[in-house]
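Participant: All residue numbers for the sequence shown refer to the numbering used here, where the first residue is 39 and numbers rise by one.
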Amino acid sequence: MIPVYARARREPQNRARLFFLPVCLSALMPFFGMAQEQGNVQKEEQTMVPHRDPIVVDVTLSLAKLIDLTLEKYPDASWLNALEEEAAALRKRSESWTAGASQAGLRFQEATSGTLHYIDATVQVPLWNVGQRDAERETGEKAGISAQMQTAAIKLRIAGLVRGALWDIELQKIRYEQALSEVDIFGQLLAKVQRRVELGDLPRSDELLAHSELLQKRSILTLAEAELMHARKRYASITQTTKTPGMYQENLVALKDIQQSHPALMAINSQIDRKQAELNAIRLIGSGQTNLTVGINSDRFTNDPRSNKTESFNIGVTVPFGGSAHALPQIAALNVELNKLIAEREQLYRDLEQAHHEAEHNLEVNQVELDIANELKQVAEEHLQMTHLSFSAGEIDLMDLLKIQSRTQQAILNAKERAVMLQRDQALYNQAVGVAP
Numbered sequence: 039m040i041p042v043y044a045r046a047r048r049e050p051q052n053r054a055r056l057f058f059l060p061v062c063l064s065a066l067m068p069f070f071g072m073a074q075e076q077g078n079v080q081k082e083e084q085t086m087v088p089h090r091d092p093i094v095v096d097v098t099l100s101l102a103k104l105i106d107l108t109l110e111k112y113p114d115a116s117w118l119n120a121l122e123e124e125a126a127a128l129r130k131r132s133e134s135w136t137a138g139a140s141q142a143g144l145r146f147q148e149a150t151s152g153t154l155h156y157i158d159a160t161v162q163v164p165l166w167n168v169g170q171r172d173a174e175r176e177t178g179e180k181a182g183i184s185a186q187m188q189t190a191a192i193k194l195r196i197a198g199l200v201r202g203a204l205w206d207i208e209l210q211k212i213r214y215e216q217a218l219s220e221v222d223i224f225g226q227l228l229a230k231v232q233r234r235v236e237l238g239d240l241p242r243s244d245e246l247l248a249h250s251e252l253l254q255k256r257s258i259l260t261l262a263e264a265e266l267m268h269a270r271k272r273y274a275s276i277t278q279t280t281k282t283p284g285m286y287q288e289n290l291v292a293l294k295d296i297q298q299s300h301p302a303l304m305a306i307n308s309q310i311d312r313k314q315a316e317l318n319a320i321r322l323i324g325s326g327q328t329n330l331t332v333g334i335n336s337d338r339f340t341n342d343p344r345s346n347k348t349e350s351f352n353i354g355v356t357v358p359f360g361g362s363a364h365a366l367p368q369i370a371a372l373n374v375e376l377n378k379l380i381a382e383r384e385q386l387y388r389d390l391e392q393a394h395h396e397a398e399h400n401l402e403v404n405q406v407e408l409d410i411a412n413e414l415k416q417v418a419e420e421h422l423q424m425t426h427l428s429f430s431a432g433e434i435d436l437m438d439l440l441k442i443q444s445r446t447q448q449a450i451l452n453a454k455e456r457a458v459m460l461q462r463d464q465a466l467y468n469q470a471v472g473v474a475p
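Next up, the structure:
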């Protein structure tokens, strides 16, 4: 009969081989899981907490189409429609032959004797001042262009929100899958430790330590799952859909600085152009509108012998003067709005330059960090393999193994995160220079 201590000395290498097989398989499980999730549009999830925020991958949905659909449901959609309606109303006004609504008047006059009657009928038509109609037409055109530019700017802003939400889900999913993998790995480690404790190879305290580590990993998994659900809910709130594109990776654009064609700059420039057109139109009104008055007068319906019993035709022009001071407050108010927009444009350009610099710098930093993280992952995995052999041979204790195991899993997670962050930063760089998908 072989003593227990003798069996413990002869079996470490075999146990090490048996231990590495499930560990390697468990480390590869997230990759098989991701491949299966890409192949299936819907997948049932086993969650730690009953609360679920499901997301469905739709391979027919592109990122550009998703942004268009989000724009249709976005709160600013009604405001954008109102801008289009306003521009159409301004264009329609400039197409009118008159500068305002015409007025018709009817006056009846009777002498005290009751024998003399006069009837006057007039039509008053406001006329365009010189150049005013062209200025109004230009205002309508500028308003239409501004409405289009506002739509493009809002679409770019929505693209930024959607991009951020999608890559946030991707990051949280990687952290969740890594936490799930670690629970599996430390569960297998606990099973191995329990077996060695039963054989008398390890003390009971090591089993308690391994069990405690597994419980901590389960707690991390629960929190990672919660963050994943929060990220999904944020995405659904922004897009008003639970469908995500099958592919949303982007190629880095070649732009190296902020162009004047940036949608945000074009939007505010169009607002400035419109205000300038409005200001020019108000100035052309001057003291007011010139009015043309056409009328007829009749005294046919009378019994007085002094009456000529005829109709007469009259025409007149009313020209306002001396009232330009009354338009100055309106001109001054428009000028205030114009200069405020100019100041906002200058600040916007500075903000866009700052955002571009940060996006460019983050992209460069994450490229370097990804290379370091991949190398560190390779070193950590090799170190972990050696540590498992040492632990099986009894050369190190469980505490050292757990430290190396946790450090290796963190290195693996960092490498995965950096790969996703690099893809995300490419999308954010495109966002910074104003390029929508």
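Positions of the beta carbon are idealized from the N, C-alpha and C atoms, including for glycine. This structure is a prediction, so every number in the text was calculated from the model and none was measured.
Taking leucine 390 and tyrosine 467 to be in contact with their CB atoms under 8 Å, please state how far apart those CB atoms are, rounded to whole angstroms.
Facilitator: Locating residue 390 in the sequence shown gives position 352, where the first residue counts as 1. Locating residue 467 in the sequence shown gives position 429, where the first residue counts as 1. Actually they do not touch by this definition, with Cβ atoms about 13 Å apart.
Participant: Answer with buried or exposed for alanine 429, where buried requires no fewer than 16 other C-beta atoms within 10 angstroms of its C-beta.
Facilitator: Within the sequence shown, residue 429 is the residue found at index 391, counting from 1. Alanine is not the amino acid found at residue 429; the sequence shown has phenylalanine there. Answer is buried; the Cβ neighbour count reaches 16.
Participant: Rounded to a whole number of angstroms, what is the C-alpha to C-alpha distance between arginine 234 and leucine 422?
Facilitator: Locating residue 234 in the sequence shown gives position 196, where the first residue counts as 1. Locating residue 422 in the sequence shown gives position 384, where the first residue counts as 1. Spanning the two alpha carbons is a distance of roughly 20 Å.
Participant: Does the beta-carbon of alanine 363 have 16 or more other beta-carbons within 10 angstroms, so that it is buried, or is it exposed?
Facilitator: Counted from its first residue, the sequence shown places residue 363 at position 325. Here alanine 363 is exposed, its C-beta having fewer than 16 other C-beta atoms within 10 Å.
Participant: With DSSP as the reference, label leucine 99 as helix, strand or coil.
Facilitator: Start at 1 with the first residue of the sequence shown, and residue 99 comes out as number 61. In the structure shown, leucine 99 sits in coil (DSSP, three-state: anything other than H, G, I, E or B).
Participant: Quick one: grab the DSSP three-state call for tyrosine 112.
Facilitator: As a first step, residue 112 is located in the sequence shown; it is residue number 74 there, counting from the start. Reduced to three states, the DSSP call for tyrosine 112 is coil.
Participant: Beta carbon of leucine 451, beta carbon of glutamine 405: below 8 Å?
Facilitator: Residue mapping note: residue 451 aligns to position 413 of the sequence shown, counting from 1. Residue mapping note: residue 405 aligns to position 367 of the sequence shown, counting from 1. Against a cut-off of 8 Å, the Cβ pair of glutamine 405 and leucine 451 comes out as no contact.
Participant: Can you check whether the CB of threonine 277 is closer than 8 Å to the CB of aspartate 104?
Facilitator: Walking along the sequence shown from the start, residue 104 turns up at place 66. Walking along the sequence shown from the start, residue 277 turns up at place 239. Note on residue identity: the sequence assigns leucine, not aspartate, to residue 104. Their beta carbons are under 8 Å apart, which means leucine 104 touches threonine 277 by this criterion.
Participant: Is it buried or exposed, asparagine 329, if we count other Cβ atoms within 10 angstroms and call 16 or more buried?
Facilitator: Here residue 329 is taken as the residue at index 291 of the sequence shown, counted from 1. Counting Cβ neighbours within 10 Å, asparagine 329 comes out buried, since at least 16 surround it.
Participant: Can you give, in chain order, each stretch of the alpha helix (DSSP H) that sits fully within the stretch 110 to 190 and has at least 4 residues?
Facilitator: 115 to 132
Participant: Contact defined as beta carbons within less than 8 Å: I believe alanine 125 pairs with glycine 178. What is the distance between those atoms, to the nearest angstrom?
Facilitator: By one-based count along the sequence shown, residue 125 stands at place 87. By one-based count along the sequence shown, residue 178 stands at place 140. The Cβ separation is near 6 Å, so the contact holds.
Participant: Does DSSP put serine 257 in a helix, in a strand, or in coil?
Facilitator: For the purposes of this step, residue 257 is taken as residue 219 along the sequence shown, with counting starting at 1. It is helical.
Participant: Classify aspartate 409 as buried or exposed, calling it buried when 16 or more other Cβ atoms lie within 10 Å of its own Cβ.
Facilitator: Counted from its first residue, the sequence shown places residue 409 at position 371. That one is exposed.
Participant: Over what stretch of residues does the alpha helix (DSSP H) that includes aspartate 288 continue unbroken?
Facilitator: For this step, residue 288 is matched to residue 250 along the sequence shown. One point to set straight first is that residue 288 is glutamate, not aspartate, in the sequence displayed. Counting along the chain, glutamate 288 falls outside any alpha helix (DSSP H), and DSSP gives it neither H nor E.
Participant: Look at the alpha carbon of histidine 89 and the alpha carbon of alanine 264, and state the distance between them as a whole number of angstroms.
Facilitator: Indexing the sequence shown from 1 puts residue 89 at position 51. Indexing the sequence shown from 1 puts residue 264 at position 226. Approximately 9 Å, taken between the alpha carbons.
Participant: Specify the secondary structure class of proline 92 as computed by DSSP and reduced to three states.
Facilitator: Within the sequence shown, the letter at position 54 stands for residue 92. Note: proline 92 maps to coil in three-state DSSP.
Participant: Does the beta-carbon of glutamine 298 have 16 or more other beta-carbons within 10 angstroms, so that it is buried, or is it exposed?
Facilitator: Taking the sequence shown and counting its residues from 1, one reaches residue 298 at position 260. Classification of glutamine 298: exposed, given that the 10 Å Cβ count is below 16.
Participant: Determine the direct distance from the alpha carbon of phenylalanine 146 to that of alanine 381, and round the result to whole angstroms.
Facilitator: Within the sequence shown, residue 381 is the residue found at index 343, counting from 1. Within the sequence shown, residue 146 is the residue found at index 108, counting from 1. Straight-line Cα distance between these residues: approximately 58 Å.
Participant: Considering only residues of the same chain and omitting the five flanking positions on each side of glutamine 186, which have a CB-CB separation below 7 Å?
Facilitator: Here residue 186 refers to the residue found at position 148 of the sequence shown. No residues qualify anywhere along the chain.
Participant: Pull the bridge partners of glutamine 332 from the DSSP assignment, please.
Facilitator: Counted from its first residue, the sequence shown places residue 332 at position 294. Contrary to the premise, residue 332 reads as valine rather than glutamine in this sequence. Answer by DSSP bridge pairing, in chain order: Val161 and Ile353.
Participant: Please classify glutamate 110: is it buried, with 16 or more other beta-carbons within 10 angstroms of its beta-carbon, or exposed?
Facilitator: As a first step, residue 110 is located in the sequence shown; it is residue number 72 there, counting from the start. That one is exposed.
Participant: Quick one: Cα of alanine 305 to Cα of glutamate 375, how far?
Facilitator: Here the question's residue 305 lines up with position 267 in the sequence shown. Here the question's residue 375 lines up with position 337 in the sequence shown. C-alpha separation (whole angstroms): 15 Å.
Participant: Do alanine 137 and alanine 315 count as a contact pair if the criterion is CB distance below 8 Å?
Facilitator: Here residue 315 refers to the residue found at position 277 when the sequence shown is read from its first residue. Here residue 137 refers to the residue found at position 99 when the sequence shown is read from its first residue. Cβ atoms of alanine 315 and alanine 137: not closer than 8 Å.
Participant: In this structure, does DSSP put proline 367 in helix, strand or coil?
Facilitator: As a working mapping, residue 367 is identified with position 329 in the sequence shown. It is helical.
Participant: With H, G and I counted as helix, E and B as strand and the rest as coil, what does DSSP make of proline 283?
Facilitator: By 1-based counting over the sequence shown, the position of residue 283 is 245. Three-state DSSP puts proline 283 in a strand.
Participant: What residue range does the alpha helix (DSSP H) around proline 241 cover?
Facilitator: Taking the sequence shown and counting its residues from 1, one reaches residue 241 at position 203. Here proline 241 belongs to no alpha helix (DSSP H), and DSSP marks it neither H nor E.
Participant: Could you have a look at alanine 393 and say whether DSSP puts it in helix, strand or coil?
Facilitator: On the sequence shown, position 355 is the one that residue 393 refers to. Three-state result, alanine 393: helix.
Participant: Drop a sphere of 10 angstroms on the beta-carbon of aspartate 438, count the other beta-carbons inside from all chains shown, and report buried for 16 or more, exposed for fewer.
Facilitator: Within the sequence shown, the letter at position 400 stands for residue 438. By the 10 Å Cβ count, aspartate 438 comes out exposed.
Participant: Starting from valine 458, trace the alpha helix (DSSP H) both ways and give me its first and last residue.
Facilitator: Position 420 of the sequence shown holds residue 458. Its alpha helix (DSSP H) spans residues 436 to 470.
Participant: Quick check: the Cα distance between alanine 139 and histidine 300, rounded to an integer number of angstroms?
Facilitator: Here residue 139 refers to the residue found at position 101 of the sequence shown. Here residue 300 refers to the residue found at position 262 of the sequence shown. Taking the straight line from one Cα to the other gives about 41 Å.
Participant: By alpha-carbon positions, which one of Leu386, Ala457, Ala371 and Ser325 ends up nearest to valine 403?
Facilitator: Here residue 403 refers to the residue found at position 365 of the sequence shown. Residue Ala457 is the option with its Cα nearest to valine 403.
Participant: Given that a residue counts as buried once 16 or more other Cβ atoms are within 10 Å of its Cβ, and exposed if not, what is threonine 356?
Facilitator: Counting from 1 along the sequence shown, the entry for residue 356 is found at position 318. With fewer than 16 Cβ atoms within 10 Å of its Cβ, threonine 356 is classed as exposed.
Participant: For leucine 228, which of Leu293, Asn318, Ser257 and Leu252 has the nearest alpha-carbon?
Facilitator: Counting from one through the sequence shown, the residue named residue 228 turns up at place 190. The candidate whose alpha carbon is nearest that of leucine 228 is Leu252.
Participant: May I ask you to verify whether the stretch 320 to 329 touches the stretch 158 to 170, counting CB pairs closer than 8 Å and requiring at least 3?
Facilitator: yes
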